[in-house]
Amino acid sequence: MLKPNILRNKKDFTALYNKGKSVGGRYVVIFYRKNGLSFSRKAFLASKKVGNAVKRNRARRLMKESCRMLEGSFKSGYDLIFIARNTINNTKCADVKKSIEAAMKRVDLLERK
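Just so we're aligned, residue 10 is where the sequence shown starts under the working numbering, counting upward by one.
Here you go:
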């Protein structure tokens, strides 16, 4: 069974790129848009500019783990695409987490504690 919190459809990606907004961090660019659902959907991308398959997979794993650590603080009801920059190579997970957290705070997508 497919997980509902993963962004999959081409029309959703296209709508997010065309009508959504973006914010950049040191290691990650985030596209976001309200989706009208009670939960958020996420996608993690790394282009060939990041490097070979090993480096792209590591970049995606770093972003996924960083988002998993921040999971409880995300606002719900958004579609999010996390795109790795080539600066993500040779970084630690904590650095990627700080970058994502700072970018999300800038556009007020993190819930206040």
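No residue lacks a Cβ here, since even glycine has one placed at the ideal position from N, Cα and C.
**Prompt:** Contact check, ASP88 vs ARG50 under 8 Å by CB: the rounded distance?
**Reply:** 5 Å
**Item:** Residue environment, ILE92, which counts as buried when at least 16 other CB atoms sit within 10 Å
**Value:** buried
**Asked** Based on the DSSP output, what are the partners of GLY33 in its beta bridges?
**Response** VAL38
**Message:** As a quick exercise: from GLY33, ASN14, ALA62, pick the residue whose alpha carbon is nearest that of ARG94.
**Reply:** GLY33
**Prompt:** Is the beta carbon of PHE48 sitting closer than 8 Å to the one on LYS73?
**Reply:** no
**Nonlocal neighbours in the same chain, by C-beta distance under 6 Å from VAL116, ignoring five residues either side** = VAL32
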